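Below: the structure, in structure tokens.
Number of protein chains: 6
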Amino acid sequence: MTQLENGSVPDSYPQLGGIVADLSNLRRASQQRRYRNGRPPELPSRDATIEIIDGLVASLYPRHFGPPELTIASTDGFVLYTLDKSLRALQEQIRRELQLAANGSDDGHTDFRPRAHEITSAFAAALPEVRALLDTDIRAAYEGDPAAKSLDEIVFSYPGLAAILRYRLAHRLYGLGAPTLARLVSEVAHSATGIDIHPGAEIGEGFFIDHGTGVVIGETAVIGKNVRLYQAVTLGAKRFELDENGALVKGGARHPIIEDDVVIYAGATVLGRITIGRGSVIGGNVWLTHSVPPGSNITQAKPRSESFDDGGGI
Amino acid sequence: MTQLENGSVPDSYPQLGGIVADLSNLRRASQQRRYRNGRPPELPSRDATIEIIDGLVASLYPRHFGPPELTIASTDGFVLYTLDKSLRALQEQIRRELQLAANGSDDGHTDFRPRAHEITSAFAAALPEVRALLDTDIRAAYEGDPAAKSLDEIVFSYPGLAAILRYRLAHRLYGLGAPTLARLVSEVAHSATGIDIHPGAEIGEGFFIDHGTGVVIGETAVIGKNVRLYQAVTLGAKRFELDENGALVKGGARHPIIEDDVVIYAGATVLGRITIGRGSVIGGNVWLTHSVPPGSNITQAKPRSESFDDGGGI
Amino acid sequence: MTQLENGSVPDSYPQLGGIVADLSNLRRASQQRRYRNGRPPELPSRDATIEIIDGLVASLYPRHFGPPELTIASTDGFVLYTLDKSLRALQEQIRRELQLAANGSDDGHTDFRPRAHEITSAFAAALPEVRALLDTDIRAAYEGDPAAKSLDEIVFSYPGLAAILRYRLAHRLYGLGAPTLARLVSEVAHSATGIDIHPGAEIGEGFFIDHGTGVVIGETAVIGKNVRLYQAVTLGAKRFELDENGALVKGGARHPIIEDDVVIYAGATVLGRITIGRGSVIGGNVWLTHSVPPGSNITQAKPRSESFDDGGGI
Amino acid sequence: MTQLENGSVPDSYPQLGGIVADLSNLRRASQQRRYRNGRPPELPSRDATIEIIDGLVASLYPRHFGPPELTIASTDGFVLYTLDKSLRALQEQIRRELQLAANGSDDGHTDFRPRAHEITSAFAAALPEVRALLDTDIRAAYEGDPAAKSLDEIVFSYPGLAAILRYRLAHRLYGLGAPTLARLVSEVAHSATGIDIHPGAEIGEGFFIDHGTGVVIGETAVIGKNVRLYQAVTLGAKRFELDENGALVKGGARHPIIEDDVVIYAGATVLGRITIGRGSVIGGNVWLTHSVPPGSNITQAKPRSESFDDGGGI
Amino acid sequence: MTQLENGSVPDSYPQLGGIVADLSNLRRASQQRRYRNGRPPELPSRDATIEIIDGLVASLYPRHFGPPELTIASTDGFVLYTLDKSLRALQEQIRRELQLAANGSDDGHTDFRPRAHEITSAFAAALPEVRALLDTDIRAAYEGDPAAKSLDEIVFSYPGLAAILRYRLAHRLYGLGAPTLARLVSEVAHSATGIDIHPGAEIGEGFFIDHGTGVVIGETAVIGKNVRLYQAVTLGAKRFELDENGALVKGGARHPIIEDDVVIYAGATVLGRITIGRGSVIGGNVWLTHSVPPGSNITQAKPRSESFDDGGGI
Amino acid sequence: MTQLENGSVPDSYPQLGGIVADLSNLRRASQQRRYRNGRPPELPSRDATIEIIDGLVASLYPRHFGPPELTIASTDGFVLYTLDKSLRALQEQIRRELQLAANGSDDGHTDFRPRAHEITSAFAAALPEVRALLDTDIRAAYEGDPAAKSLDEIVFSYPGLAAILRYRLAHRLYGLGAPTLARLVSEVAHSATGIDIHPGAEIGEGFFIDHGTGVVIGETAVIGKNVRLYQAVTLGAKRFELDENGALVKGGARHPIIEDDVVIYAGATVLGRITIGRGSVIGGNVWLTHSVPPGSNITQAKPRSESFDDGGGI
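Chains as they are written, first to last, in our numbering: chain W, 54 to 367; chain U, 54 to 367; chain S, 54 to 367; chain D, 54 to 367; chain P, 54 to 367; chain Y, 54 to 367.
Structure representation (structure tokens):
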């Protein structure tokens, strides 16, 4: 709270009117370029999306993420009420995405609500399957981490599970035709956990990420069952291909296929549409750009020990 | 707020009842597997734990993390009130952890409050020592970072200090028999800073982490005095040993010992129960799996410069 | 809420008085060392700074970060009101930084408000330019990421843009003489995105960071136009130089110069006052401590494939 | 937060399912009676209405009811933004009222938004006139109350002004065809001040109510300029007339006309379509059911002093 | 936020320590007088009680007082969840009241939870009946008020209904043995509406209070069916009887009996255990201390009109 | 949240700019009239004042109005911290009142902080005495109300006590030279309880108001010890005297003196500087404008019972 007493203290910004006008002009110019034929469409709301996802997460695991006073008797009531509320709110966000996507090719009069309702209904129908998949992930974490004390602990404190939970929801949205919203969901998880899983990736059951900070999994990655990753693993694309005009070639499978039961240790970088064969182990910090057969063990070159010359301070 | 007008807009999810029932069955099955003999125990609460830790942090550094209107006269009052409130709330969370841990081996009628009170009291008694240790960490940051302008700036803006502060609290909880709660505290810090310090690690005075994103310090790591780490340093275990049945061998010292006055630059990976001798300097991105004597300087192999072939896009 | 019934439950901490006194003594001792001549100065407030930055961000991109109900008609009103409020609050925080910085060399009676007002006014005047620069960054993200669906999506969901937005604000504060506040702003962005850009760095238009977790850009780095970075890239200093007394040599250009149109892939580490020539491409995980000419392509040494010996578990 | 430990404590309500079903049946029966042809219409929202009125009040008197940090420069911005937001929200509430009112006579497919927009626009256009009228009320309070210290004090602390302010807004809504919303506004003021002014009443400039608790002013009351009332004054109807079927005769002028410059002291009851002539003074607790000419002075019969027989305890 | 700069501004209260000690002594003395044998019992919480009542009200009328996004499908879920939560919280408040009441006569070791559970269960079982009664009250308001536009309007805006709703809940608590909590509920309604109905009063179906400010209904009042009251009506006791020691004689029927179909106009005062016969009409401001037969019409003495002598200003 | 789809829905208010300009002109004109020589002074803040009073009330009765988790050990800490915070905030509000009061007679450069500090310090010093007085009021309520179950119940649920508590604080502010703030405090209590006690009134120990709605106590009233009032009692002035110019004669004792041990029943109106002698009982609805000797019993004239002619509907 500004407390400005006495005339002698400077406390106004006479140029403010001009700044506001300049910003207004910049906005207007930018919008005119993009939305020539009318006013800008409504955007999906980050805050609303976070609230929706929190509602869905609480519906899937009410004991861990619902309100503290839930009892066995009231849990179904809570889930029914919360799911219904979250799905309606989701439908509105999907409608916005559809309208935003139609911008330019559309006359602005299409009612996207019926399509948004279809997507939302299909999403809702998939929730029990999502929960069943997540239960395999929780079990995988319990079995893969010597420090895990209980399944419950994993649900309420492991960042890997937090990221996978949101990924599995985002992946359904992505598949049903709401990729922008799906991306928003995965970015919210990315911000909280440092784990960046593109909602387009395909990931099988029993997936476990330990520590997780810096993990990046690309859009067309395919991950089998019971795969385990550590922090800072990248499943990325090789450098992007450009077409004859120097523009990016979009789409196309460009990220790795990780078969069942693979373990990839911290800091490994796996790039391009290569296949890591079933049961392989990729060592920490390995840089890998070619396929390896099932059962491979890949490790990094040994470092040198030598005299001081440079370091890594900032 | 959903605004649904006119009958023509689809806005209900007739299958919702079935979805809620499916989710209910999944929950019930999962709980029955784990809590055969009764209803599930209460879980420690993430929100409550965050509030407790914020209260403890404000009690340790009221000028930096307490309410803005504190004065010298009122600070002790604030600390007394806040500590008392935070300790009581902590005691309840510890009680829940004890009860959760006893699940299965316990008939469900033990009153864990007396034990929770003992742990909480011991934790409280250690707070002045924790604050004294943290003061050495703050000083280390000031001396180690050429950009640091004041001790105060370090306290209110350095992520390394934020992580160490919570680690030092979590470490006490871990040592006193509340490892799940300790883990929750460290995960909260991990989410905010990208620094993942296991509460079981032993860390001496004057510890400094610069930048910090991606740092991982394992459960049995031992770190001496005046050690300095940069971002993305891992102090990890080698691949887990399995017993004859293929199950993880749990426990046992499996992370490095870092002696006094060591500096480890960004991205270095130090694995296994090895010892980095006093005063050593480990260069950036180094991969180290064997002990080095005091005063060592370790750097990475030189990179090649060569023609374009692959990259690291996603 | 603690519910303690009946006398048999332990619920008080008799030693609390002593703990509070110990903490009080530690605080007093610490403050006496630093503020011998009076009471400690007010600190900049992290919460207030976050609110200020949120207000500025909403003023620059009201459609994306302002309240949901804004219309074309009311947006200028919102921007005027929000900017005015945010600037006043910023001025107060700048005043606190100036006073904190003067501590020791000052008699405690200087009124820093006029100087804080000058800085704030200059900062305000730069906002349209900041917005224009950010528009180039948004366009660069759109052109650089094959997954980007619209400019709007980048603004509301890309962590790279979130970090650059706050960096560009912090950089102005830094240049105008409020480096501590600038640092606080960049640490808030760091916590949310895992991207750590020092506000002192100079960064040209059209800057794009993809994924971003673990990126570190040092204080004296200079980055040209249309540069693209991926996650975990470090633009750091070599090990710090010490003077004859073993103290850090502060100041001086010690971070890389990245010329226009350079791309640096994930995990690359570029250290020291070296120059990466225009249009160069630095491959993933490369470790680079010497300058390279324009148009260079640098890649990492190939990894070995070999039998199992160690890994990277924690 | 309920903390229920151990199986011995009763903490569930087995009959809850049946209660919920009973309540559900009661709701369904009630709605079926009233909304035979479909689902119930949306109701105007009390919370939304309170927020709208608070926004309008802050737009009319931003220095007193706006946020604390407003400056001359930013006030117009605040008013523009707040008015626009409040009017849009008001339009939606008016739409709901129109739809609720049309229930039964309507097929449910009418779009009431255009009409709601017209009403809202007309309401907006009247705001400067409302503010001008309120300024006369404030002045009247200042001149009428020997205890008033400043005009500002009246605005921020007098309950009479708070009630009149909301009445003047509600009266416009009433006149424009939103009587239910108008009533809601006046009930919110009634709850806060104990002053119950029906939005249908006509009240001239310079109106002042002192203390105010218990004042009731009926729907068809007409009050001239510069009238002053004290607490517990009723301007009511005589007993309602019934038609030949015993049903209430609705509508029709049934409350008093109070001419200019009248003062009515505390507790007076004035009933029926009578006229209190200009400049009259009605004494405290007077019961008046016939017209009085201009300049009248009416007082109550004298009480008796006598021995104790009964009282007024509860 | 106090912003105190420079040493010259007075901003501390040196005598604060002494004031705190004085207040502490006053508290301790007061508590010692009352709770000689131990520490003071927990008090029922006003905030918790308000939240409980809001939850119960929303459970009874979810369309009017529940969250805005409820649908037919989700309403039962909401009611189940909200009722369960509210009942548990209520049980805890009842436990506190029982313990508070037992203070002195109790050794402090009784577990009042089983009894609190019984009361709460009985209260829950009565809710459908309460709702059915309230529906008659709503209909009575609709039929009794010429200004009422719909049943919905009455539910969300009439203060009389708000007070009766809370009275009917409080009355059940009172009857089940939680009179202090019941009183708290009725005082919360009193504060919001100015209507003070003691929870002990017996009130039949179809009860309507118009305007309502100042209505007081005493503990032993008995009100029949279809009774209508206006503002400022008192149904009180005669002056309290004292026993031979001058102490109040507590208990005993001391308030009026109002038979079916009675109307009592504004400001009427009805005192003592008298009976107002069925179908009577009591005029405004009447003072009545004796029974009247069915069908009576009672009005006030006529006022005098005379010259100015005194008034009612404050 | 407005959701406006499709171009056909009206959703903007083109005349908004003009309305904002009109309101701006009205504001400017009004301020120019009053603050010719500069910008308007800051106003005391209603929200801040409410928070201050809540803090003071919690400091006086921490067990009843403090946070739920207080223990004997932490209460003094809470009181110290809360008092200090509340007093500082109070000092700022007092400063504003002083500056507002000086407007016109002052050059705008006076620093009112020292005087505000003096007043605040004196106010603080009086708090123990205020608490001691309130304890007598609580006891009086307990003894005077046959329905009171415990002293605690009176503190947390009786509106009379809530009003007296705030009156006793406001009265100190009034006496120390902050009458506007004092008035604000009493209006906040008035809004919550319907009891309007002017902070200038002098009220002795053991004061009890039952029910309370509609009670009005004027500025110069003097009330002795152990006085009891019921709802709707007015202790007012006769009609205001005018001077030869027709302006109100301000100041001067114009409200009643109520001696010790008087009881005044509901609805009684006592006007002018008269004296109600010690131990008198004033019956309900009595209208009294002359002094009565000690021990008087005053009751109202008997009502007539007669045929129906008019009523009190609205």
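In this text, a Cβ means the ideal position worked out from N, Cα and C, and glycines have one as well. Quick caveat: nothing in here was measured; it's all calculated off a predicted structure.
- [ ] For chain P, find out if any of its Cβ atoms is closer than 7 angstroms to the Cβ of Gly348 (chain W); answer yes or no.
- [x] Working through the first sequence from its first residue, we reach residue 348 (chain W) at position 295. For Gly348 (chain W), the answer is no, since every Cβ of chain P falls outside 7 angstroms of its Cβ.
Open item on the list: Measuring straight from C-alpha to C-alpha, what distance separates Val280 (chain P) and Ala321 (chain Y)?
Closed with: By one-based count along the fifth sequence, residue 280 (chain P) stands at place 227. By one-based count along the sixth sequence, residue 321 (chain Y) stands at place 268. Cα to Cα, the separation comes out at about 26 angstroms.
Open item on the list: Can you look up Asp313 (chain P) in the DSSP assignment and give me helix, strand or coil?
Closed with: Position 260 of the fifth sequence, counted from the start, is the residue given in the question as residue 313 (chain P). Residue state, collapsed to three classes: coil.
Open item on the list: Only counting the same chain, and skipping five residues up and downstream in sequence, which positions put a Cβ closer than 8 angstroms to that of Ala169 (chain U)?
Closed with: Counting from 1 along the second sequence, the entry for residue 169 (chain U) is found at position 116. Answer for Ala169 (chain U): Gln144, Glu145, Ile147, Arg148, Leu151, listed in chain order.
Task: Three-state secondary structure assigned by DSSP to Gly271 (chain U) - done: For the purposes of this step, residue 271 (chain U) is taken as the residue at position 218 of the second sequence. It is coil, neither helix nor strand.
- [ ] For Leu96 (chain P), I'd like the list of residues in its chain whose CB is within less than 8 angstroms of its CB, leaving aside the five on either flank, ordered along the chain.
- [x] On the fifth sequence, position 43 is the one that residue 96 (chain P) refers to. The residues are Arg149, Leu153.
Task: Min CB distance Phe176 (chain W) to chain P below 7 angstroms - done: Along the first sequence, read from residue 1 onward, the residue named residue 176 (chain W) stands at position 123. With 7 angstroms as the cut-off, Phe176 (chain W) does not count as an interface residue toward chain P.
Open item on the list: Can you tell me which residues form a DSSP beta bridge with Thr328 (chain W)?
Closed with: Taking the first sequence and counting its residues from 1, the one referred to as residue 328 (chain W) is at position 275. Partner(s): W:Ile310.
Task: Presumed contact (8 angstroms Cβ cut-off) between Leu113 (chain U) and Leu180 (chain U), rounded CB distance - done: The residue given as residue 113 (chain U) occupies position 60 in the second sequence. The residue given as residue 180 (chain U) occupies position 127 in the second sequence. Rounded, the Cβ-Cβ distance is 7 angstroms, consistent with contact.
Open item on the list: For Thr128 (chain U) and Val132 (chain Y), what's the separation of their Cα atoms in angstroms?
Closed with: What you label residue 128 (chain U) is simply residue 75 of the second sequence in a count that begins at 1. What you label residue 132 (chain Y) is simply residue 79 of the sixth sequence in a count that begins at 1. Between Thr128 (chain U) and Val132 (chain Y), the C-alpha separation is close to 12 angstroms.
Open item on the list: In chain order, what are the residue ranges of uninterrupted alpha helix (DSSP H) at least 4 long that sit wholly in the segment 215 to 276 of chain D?
Closed with: 232 to 246
Open item on the list: Going by DSSP in three states, Thr128 (chain U) sits in which element: helix, strand or coil?
Closed with: Along the second sequence, one-based indexing puts residue 128 (chain U) at 75. Residue state, collapsed to three classes: helix.
- [ ] Please compile the residues from chain W whose C-beta is within a distance smaller than 9 angstroms of the C-beta of Gln68 (chain U).
- [x] Residue mapping note: residue 68 (chain U) aligns to position 15 of the second sequence, counting from 1. Those within 9 angstroms of Gln68 (chain U) in chain W are Ser174, Ala177, Ala178.
Task: Where the segment 117 to 137 of chain D meets chain W: residues whose CB sits under 7 angstroms from a CB there - done: Pro121, Glu122, Thr124, Ala126
TODO: Would you mind stating whether Arg116 (chain Y) and Leu79 (chain P) have Cβ atoms separated by less than 7 angstroms?
DONE: Numbered from 1 along the sixth sequence, position 63 holds the residue referred to as residue 116 (chain Y). Numbered from 1 along the fifth sequence, position 26 holds the residue referred to as residue 79 (chain P). No. Outside cutoff.
Task: CA nearest to the CA of Pro199 (chain W), picked from U:Arg307, U:Asn338, U:Ser344, U:Leu76 - done: For the purposes of this step, residue 199 (chain W) is taken as residue 146 along the first sequence, with counting starting at 1. Looking at the Cα atoms, U:Arg307 is the closest of the given residues.
- [ ] Measure the C-alpha to C-alpha separation of Val339 (chain Y) and Ala194 (chain P) and round it to an integer number of angstroms.
- [x] Walking along the sixth sequence from the start, residue 339 (chain Y) turns up at place 286. Walking along the fifth sequence from the start, residue 194 (chain P) turns up at place 141. Going by the C-alpha atoms only, they are around 32 angstroms apart.
Open item on the list: Is Ser239 (chain S) close to chain Y? Criterion is C-beta to C-beta, closer than 7 angstroms.
Closed with: Here residue 239 (chain S) corresponds to residue number 186 of the third sequence, with the count starting at 1. No, Ser239 (chain S) does not count as interfacial toward chain Y.
- [ ] For Ala155 (chain Y), collect the residues of the same chain with a Cβ closer than 8 angstroms to its Cβ; drop the 5 residues on either side in sequence, then sort them by chain order.
- [x] The sequence position of residue 155 (chain Y) within the sixth sequence is 102, counting from 1. Excluding residues within five positions, the ones whose Cβ falls inside 8 angstroms are Thr163, Phe165.
Task: Supposed contact pair Thr266 (chain W) and Asp249 (chain U) - C-beta distance, whole angstroms, cut 8 angstroms - done: Position 196 of the second sequence, counted from the first residue, corresponds to residue 249 (chain U). Position 213 of the first sequence, counted from the first residue, corresponds to residue 266 (chain W). Yes, Asp249 (chain U) and Thr266 (chain W) are in contact; Cβ-Cβ is about 6 angstroms, under 8 angstroms.
- [ ] Quick one: which unbroken alpha helix (DSSP H) runs of 4-plus residues sit fully inside the segment 75 to 143 of chain Y? Chain order, please.
- [x] 99 to 113, 115 to 118
Task: Three or more C-beta pairs below 8 angstroms linking the segment 235 to 255 of chain P and the segment 224 to 234 of chain Y - done: no
Task: Same chain, Cβ closer than 6 angstroms to Glu359 (chain S), five either side skipped, listed in chain order - done: Sequence index remark: in the third sequence, residue 359 (chain S) carries index 306 (1-based). Its pLDDT being 39, under 50, Glu359 (chain S) is placed unreliably in this model, and the coordinates cannot settle the point.
TODO: Out of U:Ser333, U:Phe176, U:Lys202, state which residue places its alpha-carbon closest to the alpha-carbon of Leu69 (chain S).
DONE: Position 16 of the third sequence, counted from the start, is the residue given in the question as residue 69 (chain S). If we check each option's Cα against that of Leu69 (chain S), U:Phe176 comes out closest.
Task: Contact set for Ser349 (chain S): own chain, Cβ-Cβ below 7 angstroms, skip 5 residues either direction - done: Within the third sequence, numbered from 1, the residue matching residue 349 (chain S) stands at position 296. Excluding positions up to five away in sequence, the list reads Gly330, Ser333.
Open item on the list: If distances are taken between C-alpha atoms only, which option among U:Thr135, U:Val315, U:Ile207 comes closest to Leu187 (chain U)?
Closed with: Translated into positions along the second sequence, residue 187 (chain U) becomes position 134. Among U:Thr135, U:Val315, U:Ile207, the Cα nearest to that of Leu187 (chain U) is on U:Ile207.
- [ ] Determine the closest residue to Glu379 (chain P) out of P:Tyr88, P:Leu136, P:Pro93, P:Gly130, with distance taken between C-alpha atoms.
- [x] Absent from the model: residue 379 (chain P). The displayed extent of chain P is 54 to 367, so no value can be given.
Open item on the list: Distance cutoff 7 angstroms, beta carbons only. Does Ile327 (chain P) sit that close to anything in chain Y?
Closed with: The count along the fifth sequence starts at 1 and reaches residue 327 (chain P) at position 274. So, not an interface residue.
- [ ] Check whether the Cβ of Thr322 (chain P) lies closer than 7 angstroms to any Cβ atom in chain Y.
- [x] Here residue 322 (chain P) is taken as the residue at index 269 of the fifth sequence, counted from 1. Yes, its Cβ sits closer than 7 angstroms to a Cβ of chain Y.
Open item on the list: List, in chain order, every chain U residue whose beta-carbon is nearer than 7 angstroms to that of Ser77 (chain P).
Closed with: Residue 77 (chain P) sits at position 24 when you count from the first residue of the fifth sequence. Near Ser77 (chain P) there are no residues of chain U at all, since even the closest Cβ is about 12 angstroms away, more than 7 angstroms.
TODO: Say whether chain U places a C-beta atom closer than 7 angstroms to the C-beta of Lys278 (chain W).
DONE: For the purposes of this step, residue 278 (chain W) is taken as residue 225 along the first sequence, with counting starting at 1. Not one chain U Cβ lies under 7 angstroms of Lys278 (chain W).
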